[in-house]
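S.K.: Once you've had a glance at the structure underneath, I'll fire off some questions.
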Amino acid sequence: MTALTLPSVPHYNAPPPTKADLDYADLSIIDLSKTDSPEGRAALACQVRDALLAHGFFYVINHGYPGSRDRMFDIADVPFEGVSDEEKQLYSAIDQETGWYHAYKLRESWRIAAGVRDQFEFINIDRDPSKQGHPEALQSFLPEIKEFASFNHYDVLFPILKLIALSLELPEDAFVNIHQSNGLGEAFVRFSKYHPHSMEDGEKSQNLWLQGHTDSGSITILWSQPVAGLQILGTDSKWRWVKYVEDALVVNAGDVMDFLTGGYYKATIHRVIRPPLDQQQLTRLCVFYFVMADGDVKLVPFRDSPVLQRVGIHPRCDDTVAPTMLEWRRARANGYAQMEFKRVDEEIVNGVVVKHYR
Ligand SMILES: O=C(O)CCC(=O)C(=O)O
Ligand SMILES: [Fe+2]
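Count the sequence shown with this note's numbering and you get residues 4 to 361, in order.
Following this line, the structure appears as structure tokens:
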């Protein structure tokens, strides 16, 4: 796409990174430019394994995105600042069958703590944007969003899935084969915007902006941005911040990795809290690519992995009752949507316990 043909968009001014001295998680950096040689891939596969075992999160650098990251953040702000509340409402229903937001999650639709509702909104855009309706202001940007999704899918996700397969001594395409992502909501771009909470809400919720959770899919790719807030729960039960690394991607494993590896690669619990003092009044704009396995994939461990055989397979549930991807994401999405009614912090989905941490 040449610069000449790009529609104009208001510029989103990203703030400077925080100067606060925070307790950051020590995450590995995966240099994706090293995947060109077999030796490079073998070394990266070990690094990915260690990163997934230690934190379930890692950075990716040298991903080679040919577009402008800044422009994607400009576009990401459009569905929030360029669309009226009435129009957002029109695209905010949740599909009970697929657990899919069409396409907004509106502000204040989730419960964060007693008497406190969330202050963030997001929009999900399928990697094939023609599968859903879109607000008017977003229409002219859909070709760019589609290209961006393709880049995330083929140039970031697939190389990572191949490294994960390698780390388990499985055929290189073992995970790629079950991530063709042609169904609605199987892989999608998400733009999220967080707005500061009132002092009163902050006190009631201990400044929690998004409850601790695991992602329900296999891999999440977060385009690193400068407003702090994301924290991950360590094996020592301590929350640590995820540092902004310019032009890096923050990648994490979700529930599906846990299912497919029989608990070897766990889904890491993470949450969002109020940014540190020098960023406290800022909004927080995020760009993600979320990925599920294909809807009909039964979430059972790769039992033929020699690595898993050696370390031991600890499935979350018996193979006979294991959910398919579609069943799992439907149950998780509906669980979130209904949490305020149930007022629970723990729910059972297909016999598997899902906890929501504060
Ligand atoms: O906002 C963030 O940095 C993380 C959000 C998140 O965990 C999610 O949307 O699943
Ligand atoms: Fe998440």
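Backbone N, C-alpha and C fix where the C-beta goes; we use that ideal spot for every residue, glycine too. All values reported here derive from a predicted model rather than from experimental measurement.
Return helix, strand or coil for Ser-367, following the three-state DSSP convention.
M.R.: Outside the shown range of the chain, which is 4 to 361, sits residue 367, and nothing can be said about it.
S.K.: Determine whether the Cβ of Ser-308 lies closer than 9 Å to any Cβ atom of chain B.
M.R.: Absent here is chain B; the protein component of the structure consists of one chain.
S.K.: The beta strand (DSSP E) with Ser-95 in it runs from where to where?
M.R.: DSSP places Ser-95 in the uninterrupted beta strand (DSSP E) bounded by 95 to 98.
S.K.: What residues in its chain sit with their C-beta under 6 Å from that of Ala-340, if we drop five residues either side in the sequence?
M.R.: Residue confidence is low: Ala-340 scores 44 on pLDDT, short of 50, so the model does not pin down where it sits. Its coordinate-derived value is still stated next. Closer than 6 Å at Cβ, skipping near neighbours: Ile-97.
S.K.: Only counting the same chain, and skipping five residues up and downstream in sequence, which positions put a Cβ closer than 6 Å to that of Tyr-104?
M.R.: The residues are Ile-97 and Asn-127.
S.K.: Examine ligand 1 and report whether any of its heavy atoms sits within less than 8 Å of the Cβ of Thr-223.
M.R.: yes
S.K.: Could you round the C-beta distance between Phe-61 and Val-51 to whole angstroms and report it? I think they count as a contact, below 8 Å.
M.R.: 7 Å
S.K.: Grouping DSSP H, G and I as helix and E and B as strand, with all else coil, what is Lys-165?
M.R.: Three-state DSSP puts Lys-165 in a helix.
S.K.: With 16 other CB atoms within 10 Å as the buried threshold, where does Pro-304 fall?
M.R.: Around the CB of Pro-304, 16 or more other CB atoms lie within 10 Å, so the residue is classed as buried.
S.K.: What is the DSSP secondary structure of Gly-265, counted as helix, strand or coil?
M.R.: Coil at Gly-265, not helix or strand.
S.K.: Quick check: what's the CA-CA separation for Thr-327 versus Gly-257?
M.R.: 15 Å
S.K.: Is any non-hydrogen atom of ligand 1 found closer than 8 Å to the C-beta of Gly-118, if you look at the structure I gave you?
M.R.: no
S.K.: Can you tell which of Leu-171, Lys-301 and Arg-335 has the C-alpha that lies nearest to the C-alpha of Pro-309?
M.R.: Leu-171
S.K.: Run through the DSSP bridge pairs and tell me what Ile-388 is partnered with.
M.R.: The displayed coordinates of the chain run from 4 to 361. Any statement about residue 388 would go beyond what the structure contains.
S.K.: Could you check the C-alpha separation between Ala-28 and Val-245 for me, to the nearest Å?
M.R.: 6 Å
S.K.: On a CA-only basis, which of His-200, Asp-261 and Ala-325 is nearest Gly-118? Give me that one, please.
M.R.: His-200
S.K.: Go ahead and label Ala-45 buried or exposed: buried means 16 or more other beta carbons lie within 10 angstroms of its beta carbon, across all protein chains shown.
M.R.: exposed
S.K.: Within 8 Å, do at least three Cβ pairs link the region 173 to 189 to the region 70 to 88?
M.R.: no
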